[in-house]
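Letter 91 of the sequence shown, counting from 1, is numbered 91 in full-length UniProt numbering, and no numbers are missing.
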Amino acid sequence: MVILIAAAAKNNALGKNNDLIWHLPNDFKRFKAITSGHYIIMGRKTFESFPKPLPNRTHVVITRQKGYQPEGCIIVDSIEKALAISPKNENVFIIGGGEIYTLGLPFAQKIELTRVHNDFEADVFFPEIDLKQWKLVEEKFHLKDEKHKYDFSFQTFLRK
């Protein structure tokens, strides 16, 4: 199954200057739990925003940059090629950024979204979720606390 996984604000903001806008430890824990042991598909800028490759995951990086070959990654030049080399009988996660989410959305059957209940200034945005095509099947709200500056919800959408 192809799954988009993201944390996006009310205004669909994802990040600014190739960095996250917020720090939500429980979102990081959920991301790690859900994606560990799987293929993760991302754009080059998203990959470069990590201090190092994420452990226990196969990194598939989409780029148009010729000769780009970071160690331990599979490099392709399209979302179609990224999906073609990914296992067919396993969950495969598209993890960003904005352009890659937009390209991956037509192929996805599920969206795992952390909705941050705030608007933010950003330069990268998550695509709009069309509720005619997607059904919210699970939602768990979390109040802000000493470790989380903003209220947020874990949401799961399935394609109708």
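Every residue gets a Cβ at the ideal spot worked out from N, C-alpha and C, and that includes glycine.
Query: Complete runs of the alpha helix (DSSP H) confined to the region 100-160 [at least 4 residues]; Result: none
Query: Residue closest to Ser107, alpha-carbon to alpha-carbon, out of His117, Lys88, Arg115; Result: Looking at the sequence provided, one finds Phe at residue 107 rather than Ser. It is Lys88 whose Cα lies nearest to the Cα of Phe107.
Query: Distance between Glu99 and Lys140 (C-alpha atoms, nearest Å); Result: 27 angstroms
Query: Through-space distance from Gly96 to Asn18, alpha-carbon basis; Result: 11 angstroms
Query: Gln133 beta carbon less than 8 angstroms from that of Met1; Result: no
Query: Thr58 in three-state terms, based on DSSP; Result: strand
Query: Burial state of Leu143, where buried means 16 or more other Cβ atoms lie within 10 Å; Result: exposed
Query: contact_flag[the region 4-22, the region 116-129] where n(CB pairs < 8 angstroms) is 3 or more; Result: yes
Query: Beta carbon of Phe93 nearer than 8 angstroms to that of His59; Result: no
Query: Assigned secondary structure, Gly96 (DSSP; H/G/I helix, E/B strand, else coil); Result: strand
Query: Alpha-carbon spacing of Asp145 relative to Asp119, whole angstroms; Result: 18 angstroms
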